[in-house]
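Using the working numbering, the letters of the sequence shown map in sequence onto residues 42 to 296. Cβ atoms here follow ideal geometry from the backbone N, Cα and C, with glycine treated the same way. Remarks on the structure that follows.
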Amino acid sequence: MLKSLSNDARLHCRLYPINPHIGHGMHVHVLQHVPFEGLGSIEEWLQQRNMSISYTRLFESASFPPLDGIDLIIALGGPMSVNDEEELPWLRAEKFFIADAIASHKAVLGICLGSQLIANALGAKVYPAAEKEIGWFPIVAEPAMLDALAFPASVDVFHWHGETFDLPEGAIHLASSAACRNQAFQVGTRVIGLQFHLETTPESADAIIQHCGEELVPQRYIQSEASLRNASPGNYVEINALMASILEYLVCDID
């Protein structure tokens, strides 16, 4: 069962990071789908809290560990679709692993493809979006709910996705954008899906541009390579701080 927090304690976890000791010593398991999409700024957050990190690198092996001893699971992005089970049969096993983790009350964070995997593992459909969204575009927060994660009213974030999802049953809708209605959701207080990238650093942005740059064709919600690279240091600071806040929210009530 989830531990019940006071309103004050949960409110603190909803805001930007306030406690560098939250999550200290926990174990994190990362689901990585391609070599060029890694943890980004999350890695430093984990290291600062002396967290141990293990990986399932699905481009090498589809071996999933027992859930015992895992506190947080992070499912990263990737260029494949959650619907590619015939070409990538490990997707089915990964969805079962994620569903089992959620049923076991583990903290689970999904980023881009990872958010779509969570949605699909919980029974929601994933399908091509009306338009691809690649670049720095604002997301807008949905009205805040008690105990739910609180996003800034509007913040520019890094997007790179061509698919979207329906919200899983019982999920709280957290954020939207002009291009895509369902940008973020949570289920309970330990499961969060983000279709955008808050972990992005200049280095990780460069990596995805190098490997997926052929997708940068002129469209309404696809920016040029120059625009992607011209983000200010402040853009990265802001999204990385928000990423840290979300991580704190996910793990702040784990015994």
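- Judged by DSSP secondary structure, residue 285 falls outside any beta strand (DSSP E) and instead within the alpha helix (DSSP H) spanning 274–292.
- Shortest Cα-Cα distance from residue 179 to any of 195, 188 and 186 involves 195.
- Here residue 70 is bridged, per DSSP, to 95 and 114.
- Taking the C-beta atoms as reference points, residue 192 is found nearer than 8 Å to residue 215.
- Residue 165 and residue 206 have their C-alpha atoms some 7 Å from each other.
- Judged by DSSP secondary structure, residue 249 falls within the alpha helix (DSSP H) whose first and last residues are 243–253.
- The C-beta distance from residue 237 to residue 224 rounds to 6 Å, short enough to meet the 8 Å contact threshold.
- Secondary structure of residue 216 (DSSP, three-state): strand.
- Inter-segment contact for the segment 118–131 and the segment 154–168 is present: three or more beta-carbon pairs are separated by less than 8 Å.
- For residue 204, DSSP records a beta bridge to 169.
- Cα atoms of residue 233 and residue 254: separation of roughly 28 Å, rounded to the nearest angstrom.
- Taken through DSSP and simplified to helix, strand or coil, residue 158 comes out as helix.
- If you draw a straight line from the Cα of residue 60 to the Cα of residue 287, it comes to about 12 Å.
- In this structure, the alpha-carbon of residue 131 lies about 11 Å from that of residue 97.
- Beta-carbon to beta-carbon, residue 99 and residue 72 are separated by about 7 Å, close enough to satisfy the 8 Å threshold.
- In the structure shown, residue 225 adopts extended strand secondary structure according to DSSP, grouped into three states.
- In the DSSP assignment, residue 150 forms a beta bridge with 115 and 233.
- A distance below 8 Å separates the beta carbons of residue 152 and residue 240.
- Taking C-alpha positions only, residue 261 is separated from residue 284 by approximately 27 Å.
- When C-beta atoms of the segment 105–115 are compared with those of the segment 138–152, three or more pairs fall below 8 Å, so the two segments count as touching.
- Burial is judged here by how many other beta carbons sit within 10 angstroms of a residue's own beta carbon; residue 190 has at least 16 and is buried.
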